Every structure is written in structure tokens, then in C-alpha cells.
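Each residue of the sequence shown is one higher than the last, beginning at 458 in the numbering used here. Positions of the beta carbon are idealized from the N, C-alpha and C atoms, including for glycine. Bear in mind that the values here come from a model prediction, so they are computed numbers and not experimental data.
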Amino acid sequence: MSVEPISLDTLLASVGKEVGVSPWRTVTQRMIDQFADATDDHQFIHCDPERAERETPFGGTIAHGFLSLSLLSAMTFETMPPLENGKMGVNHGFDTLRFLAPVKTGSRIRTHFVLADVKVRPSGWVQTAHDVTIEIEGSKKPALTARWLTLTLIERQPENA
């Protein structure tokens, strides 16, 4: 999916608005197992469907909270327009992060992005803060909410004389 770049002026005018909703994505047991392998977190609530069904209130396995969080990057690239003249973007961190409901295996999730703040730095970096909510299809509670900070380095353009 290709999302057309936006100008810095358009970005600044979008503060306080919902700026994107990602497509739905299914969280599979394979994804959970691969994440467990990558992070060495093989707790049974994530990796043992039979035991998780017997011994947890979830009725089966659930995704790692950090797996849900890590999917923000992919959902951003599917949804959010890049800045014109952006050379690169990096994570800057989270001001807040709360895991509110488990993501059961087989659930579909998507992210809502609200642009909370933009700071243009003299160095050429643009810091954005997005209030993100990962929604679980059919659930009253979201999987998580966070204020996510990112930085984009803008290529300086020659000034017209």
C-alpha cells in the first residue's frame, strides 16, 4: 500500500485530529510463536494453546503485549502519510503506555492515530506525538493506548531568492 507524502504545513494543521485508521490485521498463533522465539518469552499463556485454555480465563493463548505494541510500526506504514522531504524516521519513545485488554489468538486488531503534537526542531528533526489506540474487533476495551513519539529528519530545501 502506498500513502502519498504530506507537507509540513498539512501536518501542523492536523494537530488534534484523527489522522488515520489502519486496516484490520489478524494476530495468529504463528506470529505469537515467532515473537516468543525472538524475545525468549515462551510463557504458556502465549505458546501453549491447550494449557492456556485449561488454566487461564482467556479461553486460549493471547498475544504478548509487546507484540501488539510492535505491530504499530507496520500499521503506521500502511496508514500514515510520510512527510515530504523526509529522509528517515525513528522511534523516540512513549510518554504513556497502557495495556488494557488481552489480544486473543485469532483476533483482529487495528490502530487509530490521533496527532496530538508536532514540534519542529531547528536541527531539521520533526517530532510528532500520536495518541494511538489499538482496537480489538468486537471488544469494548482496546488492547492498548499510548502516546507515541517519533522523529523524522527533513532534508533541508534550498531557499528561493
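Please state the DSSP three-state secondary structure of residue i.
i, result
"Asp-466", "helix"
"Ala-495", "helix"
"Gly-517", "coil"
"Leu-557", "coil"
"Gln-500", "coil"
"Gly-595", "coil"
"Gly-581", "coil"
"Gly-522", "helix"
How would you call residue i, buried or exposed, if buried means at least 16 neighbouring beta carbons within 10 angstroms?
i, result
"Met-545", "exposed"
"Leu-469", "exposed"
"Ile-519", "buried"
"Val-460", "exposed"
"Ala-618", "Reliability of the predicted coordinates at Ala-618 is poor, the pLDDT of 46 falling under 50, and the value obtained from them is presented with this limitation in mind. Ala-618 comes out exposed."
"Phe-492", "buried"
"Glu-512", "exposed"
On the DSSP letters alone, give me the boundaries of the beta strand (DSSP E) that residue i sits inside.
i, result
"Met-537", "That residue, Met-537, is in no beta strand (DSSP E); it is neither H nor E in DSSP."
"Glu-507", "Run containing Glu-507: none in the beta strand (DSSP E); it sits in the alpha helix (DSSP H), 506-512."
"Leu-606", "601-611"
"Thr-568", "565-577"
Given a cut-off of 9 angstroms, decide if residue j and residue i are closer than it, judged by their beta-carbon atoms.
i, j, result
"Phe-551", "Trp-605", "yes"
"Val-484", "Leu-528", "yes"
"Ser-580", "Thr-533", "no"
By alpha-carbon positions, which one of the options ends up nearest to residue i?
i, options, result
"Thr-607", "Glu-594, Gln-486 and Val-589", "Val-589"
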